[in-house]
Structure formats: C-alpha cells, structure tokens
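Novice: Below you will find the structure I want to go over with you.
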Amino acid sequence: MPAGSDPAPGAACETVGVGSAASSGHPGGGASALSLVGAAFGYDGVTRVERLTLEVPAGTAVALIGPNGSGKSTLLRGILGLAELTAGEVRVLGETPRRARRFVGTLPQADTRDANLPLTLRQVVTMGLYRSRGALRPIGRDGRTAVSGALERVGLAALARRRFGELSGGQQQRGILARALVSDPRLLLLDEPFNGLDRENREALLGLVRGLREEGRTVIVSTHDLEIAQEACTHVLLLSSGHEADQPGHPAAFGPLDEALTLAAVQHAFQDTTVELDHHTVTTTRETE
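FYI, full-length UniProt numbering numbers position 85 of the sequence shown as 85, with every residue one higher than the one before it.
And the structure:
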C-alpha cells in the first residue's frame with residue numbers, strides 16, 4: 001500500500017524503523033562465540049526453527065528479529081541447551097551448550113518471571129552467582145563485591161535494599177541484567193528486553209548493550225524494534241516464520257547490520273505482509289482473514 005495511506009479493513013499494521021546506519025566497529029575475524037551448522041531446535045521432537053548455518057564472531061552484538069512464531073525464543077533456548085537440537089550441530093564458545101552454560105548470562109522475557117517474590121534487588125542479583133558457586137556455598141567477599149559492581153553497572157546501587165516487586169518494570173529489567181552480569185559472562189542472551197520500557201530505561205539498557213559489546217562480550221538480543229538494532233548492534237539475524245502455521249521458522253538474512261538489514265530481507269522475514277519504505281521507516285501490514 002502507498003506510504004502514509006490507511007490500511008485496508010482487516011489488516012493489522014506494525015511500524016518498525018530501518019535505516020542506512022553504518023556498521024558499528026567490532027572485532028573482526030576473532031573466535032566464534034556461536035557456531036550453527038544445519039541446526040534446528042524444537043520441543044518434544046517438533047522443530048520450531050531450522051536451517052540455521054552461521055558463525056557469530058566474539059565481541060559482536062546481534063539483533064535477532066522476526067515475526068511472532070519465527071522461533072526467536074526457541075533459538076535462544078537452544079543456545080542454552082534448554083530446547084531440543086532436532087538437527088545439525090551447535091557450538092557455544094567452542095563447547096556444547098550445556099558445558100558453555102556457566103559462561104552465558106540470560107535476561108528472559110519480563111512475563112516469564114515472578115516479580116512478587118519476597119526478595120530484595122540485591123538478593124535477586126546474588127542469585128546469579130549460584131550457577132557457578134552453588135546455592136549453599138557462602139558468596140564471600142569476592143561475591144559481595146561482584147554483586148555491588150553489577151548493581152553499580154546498571155545504575156541501581158542505590159536501590160539494592162528495595163523489594164524487587166516494588167521496582168518499576170524498567171528497573172526490574174536492569175536488575176535481571178545485573179543478575180546476568182554478576183557471573184562475568186562471555187555471552188549474553190537478551191529475550192525482548194526492551195518491551196514496555198519507558199524512554200529513560202530504554203536508553204539506559206541500550207547504553208549497557210553498547211558497553212558490553214565494547215568490552216568484547218558477545219550479545220544476542222531478540223527484539224521487534226529495528227531501531228534498537230541500528231543503535232546498539234553490529235549484526236542482524238532475521239528469522240522468517242513458515243508459510244503455514246505449523247511450519248518452522250528459518251533464517252531470512254544474517255550478517256553485518258548494513259548488509260543484512262535491507263528492505264528485501266525484511267520483506268522475506270515478514271513474508272505475509274505488505275512492506276513500504278518511506279524515510280527510513282518500514283511499515284509492515286499483515287493481512288488477516
């Protein structure tokens with residue numbers, strides 16, 4: 001449909017930013033943080049995302065973008081060894097997903113956690129140490145220092161004693177990121193971390209993603225917002241949903257941001273939509289019956 005026109009009845013509109021941002025600087029040709037060869041992931045023998053062959057260089061930030069049902073969360077769980085590998089090979093930081101898990105930090109979707117647990121923010125962040133130290137082992141001075149440093153890193157040191165459930169949604173997101181950072185991970189997986197954030201928390205989280213990448217850590221962030229990819233990421237992986245409801249998702253494009261985030265690739269990923277480009281904005285209109 002022409003840019004700026006109203007959608008036809010029965011069509012749902014989604015507007016996402018896409019532009020001609022240059023690639024951010026990143027280490028080139030370094031070790032691989034993630035290697036997938038013909039990989040497919042799913043649950044109970046049913047594949048949800050397939051045909052994944054790619055190498056994610058260490059020290060890059062990858063925007064994982066695609067429509068609902070394309071397998072973004074399943075891929076992230078597969079990297080952790082929590083979704084079934086139904087085909088192919090996967091190596092995470094040179095190891096199997098299960099062996100690499102202690103070097104991977106995660107920020108799950110906000111609606112998958114219980115914000116009403118009777119814990120302080122500091123206690124929530126401390127839980128990030130249990131994976132490597134065990135829940136019964138005292139964290140010691142080094143652990144307390146790591147927790148304080150993680151809280152400082154996300155700008156929440158002053159709220160350390162606050163009940164987690166009393167924090168705003170954006171503060172909770174940053175607190176969970178601190179929990180992921182406290183174990184000094186080499187790879188971070190962020191699943192829709194920007195959903196529902198106000199401008200202040202969004203900018204704070206964007207700055208954290210950029211800073212982590214500049215430190216040489218690898219970040220994979222699932223998002224529907226292409227503007228976030230432009231502002232914080234070096235690479236993009238576009239996933240397309242299957243043509244039928246029960247078909248697995250698959251890659252539409254992968255590579256450096258300025259090469260992979262193109263109008264043609266977005267059209268492939270959102271394949272049952274009409275896509276128009278107008279002043280660096282892509283409007284995708286999904287037809288409904």
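Ideal Cβ placement from N, Cα and C applies to all residues, glycine included.
The structure presented is a predicted model; accordingly, all values stated were derived computationally and were not measured.
Since L80 and L189 are thought to touch, with beta carbons under 8 angstroms apart, how far apart are those beta carbons, to the nearest angstrom?
Specialist: Here residue 80 corresponds to residue number 80 of the sequence shown, with the count starting at 1. Here residue 189 corresponds to residue number 189 of the sequence shown, with the count starting at 1. Right, the Cβ-Cβ distance comes to about 7 angstroms (below 8 angstroms), so this counts as a contact.
Novice: Who are the Cβ neighbours of A22 in its own chain at under 7 angstroms, not counting the five residues just before and after it?
Specialist: Within the sequence shown, the letter at position 22 stands for residue 22. Any reading at A22 is ruled out, since the residue's pLDDT is 31, under 50, leaving its predicted position unreliable.
Novice: In chain order, what residues of the same chain lie with their CB nearer than 7 angstroms to the CB of E192, ignoring the 5 residues before and after it?
Specialist: Residue numbering aside, residue 192 sits at position 192 when the sequence shown is read from its first letter. So the list reads Q109, S222 and T223, once near-sequence residues are dropped.
Novice: Using the three-state DSSP reduction, which class does F103 fall into: helix, strand or coil?
Specialist: By 1-based counting over the sequence shown, the position of residue 103 is 103. Three-state DSSP puts F103 in a helix.
Novice: Could you pull out every residue in the same chain whose Cβ sits closer than 7 angstroms to the Cβ of A178, ignoring the five residues on either side in sequence?
Specialist: What you label residue 178 is simply residue 178 of the sequence shown in a count that begins at 1. The answer, listed in chain order, is V125, A150, L151, R153, V154 and L156.
Novice: Could you check the C-alpha separation between T185 and L212 for me, to the nearest Å?
Specialist: Looking up residue 185 in the sequence shown gives position 185. Looking up residue 212 in the sequence shown gives position 212. Inspection of the sequence shows that residue 185 is occupied by Pro rather than by Thr. Whole-angstrom Cα-Cα distance: 10 angstroms.
Novice: Going by the CB atoms, is the gap between V56 and G249 shorter than 7 angstroms?
Specialist: As a working mapping, residue 249 is identified with position 249 in the sequence shown. As a working mapping, residue 56 is identified with position 56 in the sequence shown. In this structure, V56 does not lie closer than 7 angstroms to G249 by Cβ.
Novice: Would you mind working out which of T74, N116, F194 and E203 sits nearest A39, comparing C-alpha positions?
Specialist: Along the sequence shown, read from residue 1 onward, the residue named residue 39 stands at position 39. Looking at the Cα atoms, T74 is the closest of the given residues.
Novice: What three-state label does DSSP hand residue 290 in the structure shown?
Specialist: Nothing about residue 290 can be read from this structure; the chain reaches only from 1 to 289.
Novice: Got a sec? Which residues, its chain only, sit under 6 angstroms from S241 by beta carbon, not counting five neighbours each side?
Specialist: Here the question's residue 241 lines up with position 241 in the sequence shown. So the list reads P67, G69, S70 and G249, once near-sequence residues are dropped.
Novice: For E95, list the residues DSSP reports as bridge partners.
Specialist: As a first step, residue 95 is located in the sequence shown; it is residue number 95 there, counting from the start. DSSP, once it has assigned bridges, lists V92 as partnering E95.
Novice: For P251, count the other beta carbons within 10 Å of its own beta carbon; 16 or more makes it buried, fewer makes it exposed. Which is it?
Specialist: Counting from one through the sequence shown, the residue named residue 251 turns up at place 251. It counts as buried.
Novice: Assuming contact is defined by CB atoms lying nearer than 7 angstroms, are L36 and V90 in contact in what I supplied?
Specialist: As a first step, residue 36 must be located in the sequence shown, where it is residue number 36. As a first step, residue 90 must be located in the sequence shown, where it is residue number 90. A contact, by the Cβ cut-off of 7 angstroms.
Novice: Taking the beta carbon of T145 as the centre, do at least 16 other beta carbons fall within 10 Å, making it buried, or is it exposed?
Specialist: The residue you call residue 145 lines up with position 145 of the sequence shown. Exposure of T145 is indicated by the presence of fewer than 16 other C-beta atoms within 10 angstroms of its C-beta.
Novice: With L187 and V92 assumed to form a contact (beta carbons below 8 angstroms), what rounded beta-carbon distance in angstroms separates them?
Specialist: Translated into positions along the sequence shown, residue 187 becomes position 187. Translated into positions along the sequence shown, residue 92 becomes position 92. Yes, L187 and V92 are in contact; Cβ-Cβ is about 7 angstroms, under 8 angstroms.
Novice: In three-state DSSP terms, what is L188?
Specialist: Your numbering for residue 188 matches position 188 in the sequence shown. DSSP places L188 in strand when its eight states are reduced to three.
Novice: DSSP three-state label for G38, please.
Specialist: Residue mapping note: residue 38 aligns to position 38 of the sequence shown, counting from 1. It is a strand residue.
Novice: Round the Cβ separation of T106 and G45 to the nearest angstrom and send it over; I've been treating them as touching at under 8 angstroms.
Specialist: Within the sequence shown, residue 106 is the residue found at index 106, counting from 1. Within the sequence shown, residue 45 is the residue found at index 45, counting from 1. That belief does not hold up - the Cβ atoms of T106 and G45 are roughly 25 angstroms apart, past 8 angstroms.
Novice: By DSSP, does H250 sit in helix, in strand, or in coil?
Specialist: As a working note, residue 250 is residue 250 in the sequence shown. Here H250 sits in strand by DSSP.
Novice: In angstroms, rounded to a whole number, what distance separates the CA positions of R117 and R163?
Specialist: To locate residue 117, count along the sequence shown from 1; it is residue 117. To locate residue 163, count along the sequence shown from 1; it is residue 163. Note that residue 117 corresponds to Leu in the displayed sequence, not to Arg. The alpha-carbon atoms of L117 and R163 are separated by roughly 9 angstroms.
Novice: As a quick exercise: from L54, A63 and A58, pick the residue whose alpha carbon is nearest that of I220.
Specialist: In the sequence shown, the residue the question calls residue 220 occupies position 220. Closest by alpha carbon: A63.
Novice: Would you tell me roughly how many angstroms separate the C-alpha atoms of residue 297 and I65, rounded to the nearest one?
Specialist: Any answer about residue 297 is impossible in this case: the structure gives the chain only from 1 up to 289.
Novice: So, using beta-carbon positions, are residue 318 and L119 closer together than 7 angstroms?
Specialist: Because the chain spans 1 through 289 in this model, residue 318 falls outside it and cannot be assessed.
Novice: Output needed for G29: all residues of its chain with C-beta closer than 6 angstroms, excluding positions within five of it in sequence on either side, in chain order.
Specialist: In the sequence shown, counting from the first residue as 1, residue 29 sits at position 29. In this prediction, G29 has a pLDDT of 37, which is less than 50 and means its spatial position is unreliable; nothing more can be read from the coordinates.
Novice: Compare the Cα-Cα distances from L261 to each of F270, Q271, D246 and H235 and report the closest residue.
Specialist: Taking the sequence shown and counting its residues from 1, the one referred to as residue 261 is at position 261. Looking at the Cα atoms, H235 is the closest of the given residues.
Novice: At what residues does the beta strand (DSSP E) containing L159 begin and finish?
Specialist: Within the sequence shown, numbered from 1, the residue matching residue 159 stands at position 159. No beta strand (DSSP E) holds L159; DSSP gives it neither H nor E.
Novice: Taking 6 angstroms as the limit between beta carbons, can you name the residues of its chain near S20, skipping five residues before and five after?
Specialist: The residue labelled residue 20 in the question sits at position 20 within the sequence shown. Only weak support is given to the placement of S20: the predicted model assigns it a pLDDT of 30, under 50, and the value that follows is read from those uncertain coordinates. Closer than 6 angstroms at the Cβ level, and outside the excluded window around S20, lies no residue.
Novice: Of the residues R98, E244 and A232, which one's Cα is nearest the Cα of P256?
Specialist: Residue mapping note: residue 256 aligns to position 256 of the sequence shown, counting from 1. Closest option to P256, Cα to Cα, is A232.
Novice: Under three-state DSSP, which class holds residue 290?
Specialist: Residue 290 lies beyond the stretch modelled for the chain, which goes from 1 to 289, so this question has no answer here.
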